[in-house]
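Peer 1: Quick one: structure below, then a few questions.
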């Protein structure tokens, strides 16, 4: 707990986390407001108006990566390792802290966006009620996505160690690299839905209804998507741990 508290103090000792959290709030609530007001909420479907929360996930990954790369940039990581010689404990503390913070941020942003859109939409195409597990999964599932995304971001930051490189990878991977892979004939459409970030989208995707039209056919279900995304985070974390122990600070 002491090491977790130390990492928390270091994380919030700069302005960047506050700016990132503010940007996540703007993205999440902005999308919810837009879909809730336009045409009296005719397009206010959870899968669509919660896209702003998904955008916030990319911002949170930047925050998580900077929690690692900033220490390398300013050389404070050496002091960290002098104070805690067992490097796996440092990486674990950073990962746990960012994953817990991500889970909280993801759930709060999704729930706030949901009820904002519900309050604004006068004519939603689907009932905005959290009555079934499928309804809840589309909202609280963002907590799991943010937490795993934090693990991936911390791992990439540890592997790359440079802010610009880590941020570029984390932003280009889901937005461009996976999209380009799906364009490969024959293989792309089959394998594409199983790629990590595409699979993570299944965690919060509806199983029935109009929004299902926006989902590619085939691929994993919600549980399989969660396992693929979590497995990716675990593999990257183990690689990061191996490199952390072998390389100089």
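Residue numbers (our numbering): 242 to 490. Even glycine gets a Cβ: it sits at the ideal position worked out from N, Cα and C.
1) Entirely within the segment 306-392 and at least 4 residues each: give me those alpha helix (DSSP H) ranges in chain order.
2) For residue 440 and residue 285, I'd like the C-alpha separation in whole angstroms.
3) Please name the residue in 485, 411 and 361 whose C-alpha comes closest to that of residue 277.
4) Within 10 angstroms of its Cβ, does residue 442 collect 16 or more other Cβ (buried), or is it exposed?
5) Nearest to residue 482 by CA position, among 332, 392 and 383, is which residue?
6) Distance check for residue 437 and residue 335, CA to CA, integer angstroms please.
7) Where does residue 415 sit, in a helix, a strand or coil, going by DSSP?
8) Looking at the secondary structure, which residues open and close the alpha helix (DSSP H) in which residue 290 lies?
9) Pull up the CB-CB distance for residue 448 and residue 375, whole angstroms please, since I reckon it's below 8 Å.
10) What does a CB cutoff of less than 7 Å around residue 408 pick up in its chain, not counting 5 residues either side in sequence?
11) Going by CA-CA distance only, name the one from 368, 366 and 349 that's closest to residue 382.
Peer 2: This is what the structure gives:
1) 317-324 and 328-361
2) For the purposes of this step, residue 440 is taken as the residue at position 199 of the chain shown. For the purposes of this step, residue 285 is taken as the residue at position 44 of the chain shown. Whole-angstrom Cα-Cα distance: 23 Å.
3) As a first step, residue 277 must be located in the chain shown, where it is residue number 36. It is 361 whose Cα lies nearest to the Cα of residue 277.
4) The residue given as residue 442 occupies position 201 in the chain shown. The residue is buried, with at least 16 neighbouring Cβ atoms inside 10 Å.
5) Here residue 482 is taken as the residue at index 241 of the chain shown, counted from 1. Measuring from the Cα of residue 482, the nearest candidate turns out to be 332.
6) Here residue 335 refers to the residue found at position 94 of the chain shown. Here residue 437 refers to the residue found at position 196 of the chain shown. Cα to Cα, residue 335 sits roughly 22 Å from residue 437.
7) Here residue 415 refers to the residue found at position 174 of the chain shown. In the structure shown, residue 415 sits in a helix (DSSP, three-state: H, G or I).
8) The residue labelled residue 290 in the question sits at position 49 within the chain shown. 287-290 is the extent of the alpha helix (DSSP H) around residue 290.
9) Against the chain shown, residue 448 aligns to sequence position 207. Against the chain shown, residue 375 aligns to sequence position 134. That pair is a contact at about 6 Å.
10) For the purposes of this step, residue 408 is taken as residue 167 along the chain shown, with counting starting at 1. Excluding sequence neighbours, residue 408 sits near 303 and 306.
11) Mapped onto the chain shown, residue 382 falls at position 141. Ranking 368, 366 and 349 by Cα distance to residue 382 puts 349 first.
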